[in-house]
Structures are given as C-alpha cells and as structure tokens.
Amino acid sequence: MKRNQNMTKRMSPSQELLDWRQEYLKSIKPADLGNSNENAPLLEIGNSKIGKSSHLYNKVFVWNLPVVVTCPGSSKWCLRHCYNADSRVEKFPIDIWNKNLQHFLSDEEELERKLVNILKVNLMPIAVRIHSSGDFFSSNYIKFWLRIINQTPHVKYWAYTRSWVIPELMADLTELKSAPNLQLFASWDNTMPISPDGWRTSVVYTENEILHNKGIICPEQSGKSPNCATCNYCIAKNNGDIYFILH
Numbered sequence: 007m008k009r010n011q012n013m014t015k016r017m018s019p020s021q022e023l024l025d026w027r028q029e030y031l032k033s034i035k036p037a038d039l040g041n042s043n044e045n046a047p048l049l050e051i052g053n054s055k056i057g058k059s060s061h062l063y064n065k066v067f068v069w070n071l072p073v074v075v076t077c078p079g080s081s082k083w084c085l086r087h088c089y090n091a092d093s094r095v096e097k098f099p100i101d102i103w104n105k106n107l108q109h110f111l112s113d114e115e116e117l118e119r120k121l122v123n124i125l126k127v128n129l130m131p132i133a134v135r136i137h138s139s140g141d142f143f144s145s146n147y148i149k150f151w152l153r154i155i156n157q158t159p160h161v162k163y164w165a166y167t168r169s170w171v172i173p174e175l176m177a178d179l180t181e182l183k184s185a186p187n188l189q190l191f192a193s194w195d196n197t198m199p200i201s202p203d204g205w206r207t208s209v210v211y212t213e214n215e216i217l218h219n220k221g222i223i224c225p226e227q228s229g230k231s232p233n234c235a236t237c238n239y240c241i242a243k244n245n246g247d248i249y250f251i252l253h
C-alpha cells in the first residue's frame, strides 16, 4: 500500500525544515550534571497525540529524555528527520527533559522510588509511554526501567527503540522486552540493518514508499482514532507492526 497524502493530520516537513532539523540535532550537547536535576518533570501527562486518558486508561503518562545524547542507536536518517527537533520549546522542552537525565545519572535509586510511587498512588488503569523523546542509552538505564516495570505489573508500558543496533545493549533490551506489561518496538528505517526477529517494528515512512501488510498506519495520524490511549494498538499485546507518517 502507498501513503495517501490526504490521510494525515500533519504536513510532511519541507526540505528546508529537514535541513534545519539536521543542524539543530547536531548542536545538542550533554548538559553539565551539577544540580540540574532540581525540579525534574519526571512523569508528565500525555499530550494530544498520546492522550491524557481514555475509556481504557484513567491516566496516561510520558517519560522523556533529551534526544541525540541518549540515542546511541540513532541512524543518519534519524539525525535529519527526528520530530523532536522543534523550536517550540513549550512543546519540546529539551532543557527540562535533561533534568530527568541528570536525576538518573546523579541518583537512580531515588528516581526509581519517585517514579514507582507516582504510579502506585494513581488510580489504575494507567499507561506509560517511555520516551516520546530519548531512548534506552545504557545497560544500567535499561535495568532501571525493568525494575520499575516489574514493580508495577498492573501498569501498561510501551516504547520504541533504535538501541537494538548496539550489540552490548541487545541482551538487556531482550530481557526488557520480555516483561509482560511492556510492548517494545524496534524502530527502523531503510538505512539500518534488518530489525531483529520476534520484535514488533515501527517504521517512519514518506510518501510513495511501499509498505508490507504486516502492520497498520498509525490510526491517530490517519484520523481513525483521537489518540494512542484510545487506539491501544501499540499498547496492547499483539504482533502487529506500526507505520508512522513522517511529520
């Protein structure tokens, strides 16, 4: 099947915008550790695409990190097309998300306690999107999330990662993927190796690309669902892949 340009809520980025994204992403550098974890946002309520709640979930949270510096598996394609390269700091506050990263680096045990407590005191059912910005950047960080997920078995988690291309992270990611309350996708583009067997795959694609029939086009983007929390395709346990329209 081919993409129908009229089916998406958002316009495809122009070449000028992609050039800007590429330069912006090159400019991102790690912030100094210091005391910059003060007032870290931790788990934020979902946005309009992800959803704040739905008939399935009383609350939907998102956990974010700064892009690039936490994306060891990023491809050349990513570093030109990433939607988190956006000048609207009120929607993409990379400096604020950096506080989450610094909190993990300075005291991951305290951060783990905080996140688990937030999830346990809220009324179930709850869903958590791990990383609308950022990725699984180290073995310790993957294990950190596995501990949280195991302590909150009634919370539904979902995430997309390109870190599977890093050999030393693959064993930890495979263990993380085995958690029954997590749906973990291998993010992929055609500049990358073939995605691993047994993984659901997420693909960002452009017009005129031919898609195989193993998955579906994101229902939120195509207007068939108001948000991820209502759709539930990526959150629920199944074997289908997902295609995201480049935006």
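Using my numbering, you'd call the opening residue of the sequence shown number 7 and step up by one each time.
Note that beta-carbon positions come from the ideal geometry of N, C-alpha and C, so glycine has one too.
All values reported here derive from a predicted model rather than from experimental measurement.
Alpha helix (DSSP H) containing Thr180: first to last residue? On the sequence shown, position 174 is the one that residue 180 refers to. Where Thr180 is concerned, the enclosing alpha helix (DSSP H) stretches over Pro173 to Lys183.
Leaving out the 5 sequence neighbours to the left and right, which residues in its chain are closer than 8 Å to His61 when beta-carbon positions are compared? Within the sequence shown, residue 61 is the residue found at index 55, counting from 1. Exclusion of the five residues before and after His61 leaves Thr236 as the residues of its chain whose Cβ lies within less than 8 Å of its Cβ.
Mapping the DSSP letters down to three states, classify Glu226 as helix, strand or coil. What you label residue 226 is simply residue 220 of the sequence shown in a count that begins at 1. Here DSSP, grouped into helix, strand and coil, assigns Glu226 to coil.
Quick check: Ala185 and Trp205, are their CB atoms within less than 8 Å of each other? Walking along the sequence shown from the start, residue 185 turns up at place 179. Walking along the sequence shown from the start, residue 205 turns up at place 199. Cβ distance not < 8 Å, so Ala185 and Trp205 don't count as in contact.
In chain order, which continuous runs of the alpha helix (DSSP H) of length 4 or greater are located wholly inside the segment 49-128? If we require 4 residues or more, the alpha helix (DSSP H) runs fully inside the segment 49-128 come out as 84-87, 100-112 and 114-127.
Can the beta-carbon of Trp194 be found closer than 8 Å to that of Val134? Numbered from 1 along the sequence shown, position 188 holds the residue referred to as residue 194. Numbered from 1 along the sequence shown, position 128 holds the residue referred to as residue 134. Taking 8 Å as the cut-off, the Cβ atoms of Trp194 and Val134 do not count as close.
Please classify Asn244 as buried or exposed, where buried requires at least 16 neighbouring CB atoms within 10 angstroms. Translated into positions along the sequence shown, residue 244 becomes position 238. It counts as exposed.
In chain order, what residues of the same chain have a beta carbon less than 7 Å from the beta carbon of Gln28, not counting five sequence neighbours either side? Within the sequence shown, numbered from 1, the residue matching residue 28 stands at position 22. Same-chain partners within the cutoff: Leu85 and Arg86.
Is Phe150 helix, strand or coil when you go by DSSP? Here residue 150 is taken as the residue at index 144 of the sequence shown, counted from 1. Look at Phe150 here: in three-state DSSP terms it is helix.
Evaluate contact between the segment 219-236 and the segment 165-184, counting only Cβ atoms and requiring at least three cross-stretch pairs below 8 Å. The segment 219-236 vs the segment 165-184: no contact.
Bridge-paired residues (DSSP) for Tyr163: Here residue 163 refers to the residue found at position 157 when the sequence shown is read from its first residue. Answer is Val134 and Leu188.
Going by the beta-carbon positions, is the gap between Val127 and Thr158 smaller than 8 Å? Along the sequence shown, read from residue 1 onward, the residue named residue 127 stands at position 121. Along the sequence shown, read from residue 1 onward, the residue named residue 158 stands at position 152. No. Outside cutoff.
Which same chain residues, not among the five before or five after Asn146, have their C-beta less than 8 Å away from its C-beta? Position 140 of the sequence shown, counted from the start, is the residue given in the question as residue 146. Glu114.
Using only CA atoms, which one of Tyr89, Pro78, Phe250 and Cys88 lies nearest to Pro173? Looking up residue 173 in the sequence shown gives position 167. The residue with the shortest Cα to Cα distance from Pro173 is Pro78.
Does chain B have any CB closer than 8 Å to the CB of Ile172? The structure shown contains no chain B, having only a single protein chain.
Which of the three DSSP states, helix, strand or coil, is assigned to Asp25? Position 19 of the sequence shown holds residue 25. Residue state, collapsed to three classes: helix.
Who pairs with Gly221 in a beta bridge, going by DSSP? Residue 221 sits at position 215 when you count from the first residue of the sequence shown. Paired residue(s): Asp247.
8 Å Cβ cutoff met for Trp151 and Cys240: Within the sequence shown, residue 151 is the residue found at index 145, counting from 1. Within the sequence shown, residue 240 is the residue found at index 234, counting from 1. The Cβ atoms of Trp151 and Cys240 do not sit closer than 8 Å to each other.
Take Met176 and list the residues in its own chain whose beta-carbon comes closer than 7 Å to its own, dropping the five residues that flank it on each side. As a position in the sequence shown, residue 176 is number 170, starting the count at 1. Same-chain partners within the cutoff: Trp170.
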